[in-house]
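One structure is given below, encoded as structure tokens.
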Amino acid sequence: MSVLTVATWNINSVRLRHPNVARFAEEAAPDVLMLQEIKCQNDQFPEKALRQMGYEHLHICGQKGWHGVAIASRLPMEPLDGHGFCREGHARHAAAKIAGIEFHNFYVPAGGDIPDPEANDKFAHKLHFLDEMTAYFAGRKAQGEEKMLIAGDFNVAPHEHDVWSHKQLLKVVSHTPPETERMAKLLASYDFVDVARELIPEPEKLYSWWSYRNRDWRKSNRGRRLDHIWVSQPLKAAATAGGRDAIRFWEDYRDGEKPSDHVPVVVKLAV
DNA sequence: ATGGCCGCCCTAGGCGGA
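This is how it looks when you write it as structure tokens:
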């Protein structure tokens with residue numbers, strides 16, 4: 007029995023914030039690190055810095071200036087083909103097989119301001135993206151169940167206590183019924199386990215993102231849980247064996263030099 | 001009750017984030 011530590015973090019520019027990643031790599035020591043919003047092309051990715059942190063195996067899916075995801079691993083990794091998942095051609099998905107587990111890293115579209123797919127094409131795109139994910143994993147499930155871990159910035163806070171005010175956010179993109187209903191369908195598509203809520207049930211509040219606009223994010227504490235780590239049933243026991251210490255939202259990373267507006271979420275798998 | 005920030009890009013204001 008050993009422990010595989012897995013992290014997801016929307017880094018909001020990896021070129022600007024790889025020093026933060028280095029600190030995190032020391033402190034949390036994830037074996038597998040899934041980054042979103044790297045905001046650079048593949049040849050601009052700070053590969054040398056990541057290798058110095060012990061991440062010899064990199065699968066980078068970048069694009070110019072926006073979006074972009076990467077999987078960094080201390081263990082050997084077999085990159086897997088992307089499946090599109092994005093009608094706009096953005097780099098929002100990376101997959102790889104590591105230690106016999108299939109990892110999927112997603113950056114779901116934010117969806118713009120107006121929660122109406124007729125009036126706002128970005129919101130339509132977000133809903134479409136979530137539907138594509140659901141169709142993909144339903145198709146995969148029909149072929150048999152694998153050890154699968156999907157994670158990333160899903161840009162949806164699914165439950166009442168995943169936001170600071172359920173009532174005030176019901177009409178705010180990230181917590182509207184069309185989004186939270188799709189999150190439930192996506193979860194069901196492969197019978198995934200939402201590890202954070204399995205280990206820390208409601209009504210305890212859990213947030214992974216706090217807006218830059220709050221002067222004092224800790225004091226106002228208007229957060230949302232947008233970042234998720236889900237596992238398939240064959241990994242459920244491994245993900246839950248450690249109890250609530252097996253999941254951690256590293257809130258301290260919302261402070262310090264040039265923080266991302268998201269904090270890393272870490273799961274320890276007993277494999 | 002409201003508005004509050006940040007990072008990207010053909011370096012500067014506009015766009016996107018959520």
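Residues in the first sequence are numbered consecutively from 7, following our numbering.
Glycine residues also receive a C-beta, built at the ideal position from the N, C-alpha and C atoms.
Asked, Found
"Spatial distance of Ala-28 from Leu-56 (CA atoms)", "8 Å"
"Option in Arg-250, Lys-264 and Asp-122 with minimal Cα separation from Val-271", "Arg-250"
"Given 8 Å, three or more beta-carbon pairs between the segment 186-193 and the segment 208-217", "no"
"Of the listed residues Ile-66, His-234, Asp-119 and Pro-36, nearest to Leu-86 (C-alpha basis)", "Ile-66"
"Nearest residue (CA-CA) to Ser-266, options Ile-77, Glu-185 and Asp-159", "Asp-159"
"Cβ distance (whole Å) where Val-277 is taken to contact Val-201 below 8 Å", "In fact, because the Cβ distance is near 14 Å, the residues do not count as touching under 8 Å."
"Exposed unless 16 or more other CB atoms sit within 10 angstroms - verdict on Gln-42", "buried"
"Own chain partners of Met-154 with C-beta closer than 6 Å, once the 5 adjacent residues on each side are dropped", "Glu-108 and Ser-238"
"Inter-residue CB distance, Arg-231 and Tyr-196 (contact presumed, cutoff 8 Å)", "With a Cβ gap of about 20 Å, Arg-231 and Tyr-196 do not count as contacting."
"Whole-angstrom distance between Arg-93 and Glu-138, CA atom to CA atom", "10 Å"
"First and last residue of the uninterrupted beta strand (DSSP E) at Ala-78", "75-79"
"Ile-253, buried or exposed, once every other Cβ within 10 Å from all chains shown has been counted against 16", "buried"
"Residue range of the unbroken alpha helix (DSSP H) whose run includes Leu-64", "Note, Leu-64: premise wrong, no alpha helix (DSSP H); beta strand (DSSP E) at 63-67."
"For Lys-274: DSSP bridge partner residues", "Thr-11"
"8 Å Cβ shell around Thr-246 - same chain, five flanking residues per side excluded", "Val-199, Val-201, Glu-204, Leu-205 and Ala-252"
"Buried versus exposed, by CB contacts within 10 Å (16 or more), Ala-243", "exposed"
"Beta bridge counterpart(s) of Gln-42 as assigned by DSSP", "Asn-16 and Val-75"
"Bounding residues of the beta strand (DSSP E) (the contiguous stretch that carries Met-59)", "Where Met-59 is concerned, there is no enclosing beta strand (DSSP E), given that its DSSP letter is neither H nor E."
"Boundaries (first-last residue) of the beta strand (DSSP E) holding Gly-118", "Counting along the chain, Gly-118 falls outside any beta strand (DSSP E), and DSSP gives it neither H nor E."
"Nearest-angstrom Cα separation, counted from Pro-52 out to Asn-220", "30 Å"
"Simplified DSSP assignment, three categories, for Leu-232", "coil"
"Within the segment 212-270, ranges of the beta strand (DSSP E) (whole runs, at least 3 residues)", "233-237 and 253-255"
"Residue burial classification, Ala-125 (beta-carbon count within 10 angstroms, cutoff 16)", "exposed"
"Close-in-space but distant-in-sequence residues of the same chain around Ile-120 (CB under 6 Å, 5 per side omitted)", "Asn-126"
"6 Å CB neighbourhood of Ala-141 in its chain, flanking five on each side removed", "none"
"Secondary structure of Pro-184, DSSP reduced to three states", "helix"
"Through-space distance from Ala-101 to Lys-132, alpha-carbon basis", "20 Å"
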